[in-house]
Every structure is written in structure tokens, then in C-alpha cells.
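Numbering of the sequence shown is given in our numbering, commencing with residue 81 and proceeding in unit increments.
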Amino acid sequence: MKQEQQREHLQLKADLIGNYLIDKMCDAYKQLGIFYAPSGGNVHKVARLIKQKLIDFTPDLFLISDVQPSILLDYQNLILVSSTLGRNTWEMEQRDPWPSFLSQLQRLQLQGRKVAIVGLGDHVSYANNFVDGMGILADIVEKIGGELVGETSTIDYVFNDSRALRDGKFVGLPLDEDYESERTEARIEQWLSHLLPILKGNL
Ligand SMILES: Cc1cc2nc3c(=O)[nH]c(=O)nc-3n(C[C@H](O)[C@H](O)[C@H](O)COP(=O)(O)O)c2cc1C
């Protein structure tokens, strides 16, 4: 019981403009959490596939609308899986639970956590905004102190522009289940082969 109370303890700190930030830094006692949304489509399928590939590390898998954002603080390593559902207004999209989750996420501090992002998109219909949502998510993760890992070279992708680019690379793993579903599994395997040594210290 005492341990449970300690684990749930949230430390509140005020930032420079007086907002309260939640810090559970000392309590990142679990290895790997995979968080995804929305449910029932390509993101869901990919999140389950990633969990299956990482089964040796017994990751926990959560639909974000089923949990409070503070649960992220329990994990040393995080994999966030999202899609882009709006050409310019991904943040406003009603169908996607990520926007409201992200506004709450901004009250957390993710220092010390490694965060890898997977973004579903469509490189044919949305070539100018390919996996934009991944870039928006990455900006927020960085802003709250998370260490982004798992970048991907653009060499294997055809697109015009993306908000998910950092120094000429994708900030996470882009996947296109609409037009390149046959490549998804190999892309995940290759990505994980680079990612796992990076996460290893924490696994
Ligand atoms: C209304 C709508 C808007 C979309 N906008 C984008 C976009 O801006 N960029 C992109 O790469 N893909 C875009 N897509 C493609 C989706 O991200 C892609 O189909 C994804 O696999 C959907 O995942 P889900 O089935 O889990 O929602 C859009 C799809 C829809 C239906």
C-alpha cells in the first residue's frame, strides 16, 4: 500500500508564468508504454503490430481516450502512434482524440523519457502534408522535455512536404497503410532494429 501511494504521488511545480506542472520523474518504473489513437483503423492495427514485435519487453498498450495523460510519466520509454486527419487543421479534427489529449499533455514534464513517434498518413492524396500530425506531436513532446528518438531517413518515401521533417529527416516513423501497406511490416522491423539499441539502456 505504501509503495502504491508513493508511485501515485504527483509533485506539482510552478513554471515561470505560474502554470502548475506535474512531475513524476522519480516514478518512471515501467519500461515501455505504447499509446495510440484513434481506435479501429490503421493506427490501431499498427500499434498492435508494434506491440507484437516488442513482446519480449512486455509493453503496455493504451488507447489514449481510455487513460489520463499523467500515465505517460510511469514509463521510461514511450511510443506514440497517431494519424494525420486534416490537411491543415489536424489540431482541430473532431474525430481524433489526440488534440484534447495534447492540450492536457502540455502540463506534464517528460524529462528523462525517450519518446518515439509513429505517424500514419497518405503520401498520394496528402503529398504536401504527409504525416503532418507526427511533426505537431513531436513539437509538443520536445516542449515538455521528452527526448525524441527514432528518426527516419526520407530516402524511402515519395512526398512533397511534411511538418514532420527535422534536419531533412522524419522525426519518427511514417507509415502509409492507404498506398503502401505491403511495406509497413518491413518498415517497422527496420525502425525497431535502430530504435531498440537506443532504448536499451532503459529496457
Ligand atoms: C479527412 C482526412 C484527412 C487526412 N489528412 C491527411 C494529411 O493531411 N496528411 C496525411 O499524410 N494523411 C492524411 N490522411 C490520411 C490518414 O492519415 C491515413 O488514412 C491514416 O492511415 C488513417 O489512420 P486511421 O485509420 O487510424 O485514422 C487523411 C485522412 C482523412 C480521412
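Quick reminder that beta carbons are idealized off the backbone N, C-alpha and C, glycines included.
A quick note: this is a predicted structure, and the numbers were derived from the prediction, not measured.
Within the continuous alpha helix (DSSP H) that includes residue i, where are the two ends?
i, result
"Ala127", "122-133"
"Leu200", "No alpha helix (DSSP H) holds Leu200; the beta strand (DSSP E) holding it covers 194-200."
"Val211", "Here Val211 belongs to no alpha helix (DSSP H), and DSSP marks it neither H nor E."
"Leu182", "178-185"
"Ile268", "261-280"
Using the rule of at least 16 other Cβ atoms within 10 Å of the residue's Cβ for burial, across every protein chain shown, is residue i buried or exposed?
i, result
"Thr138", "exposed"
"Ala244", "buried"
"Glu265", "exposed"
"His203", "buried"
"Asp256", "buried"
"Pro277", "exposed"
"Asn168", "In this predicted model, Asn168 has a pLDDT of only 48, less than 50, meaning its place in the structure is not dependable enough to derive any value."
"Asn284", "The requested residue 284 is not part of the displayed model; the chain covers only 81 to 283."
"Glu231", "buried"
"Asp146", "exposed"
"Gly213", "buried"
Alpha carbons only, please: which of the options is nearest the one belonging to residue i?
i, options, result
"Ala108", "Val147, Leu158, Tyr116", "Leu158"
"Ser233", "Asp247, Ser180, Lys133, Leu217", "Asp247"
"Asn208", "Asp241, Leu275, Ile135, Gly201", "Asp241"
"Lys280", "Pro177, Val195, Pro118", "Val195"
"His274", "Leu253, Lys131, Gly201", "Leu253"
"Pro118", "Gln132, Leu190, Val198, Ile220", "Val198"
"Ser237", "Gln189, Lys131, Lys223, Arg263", "Per the sequence presented here, residue 237 reads as Tyr, with Ser not at that position. Checked all of Gln189, Lys131, Lys223, Arg263; the closest Cα to Tyr237 is Arg263."
"Leu143", "Thr164, Asp176, Leu200", "Asp176"
"Lys223", "Trp178, Leu190, Leu200, Asp212", "Leu190"
"Leu160", "Val126, Ser205, Gly225, Tyr206", "Val126"
"Leu141", "Trp271, His124, Ala218", "His124"
"Ser180", "Gln148, Gly226, Ala218", "Gln148"
"Gly201", "Ser261, Leu153, Asp154", "Ser261"
Which residue or residues does DSSP assign as beta-bridge partners of residue i?
i, result
"Phe115", "Phe142, Leu160"
"Thr232", "Phe250"
"Glu227", "Lys194"
"Leu245", "Phe250"
"Tyr155", "Lys110"
"Leu255", "Leu200"
Considering residue i, what are the terminal residues of the beta strand (DSSP E) in which it resides?
i, result
"Ile151", "Neither: Ile151 is in no beta strand (DSSP E) and is coded neither H nor E."
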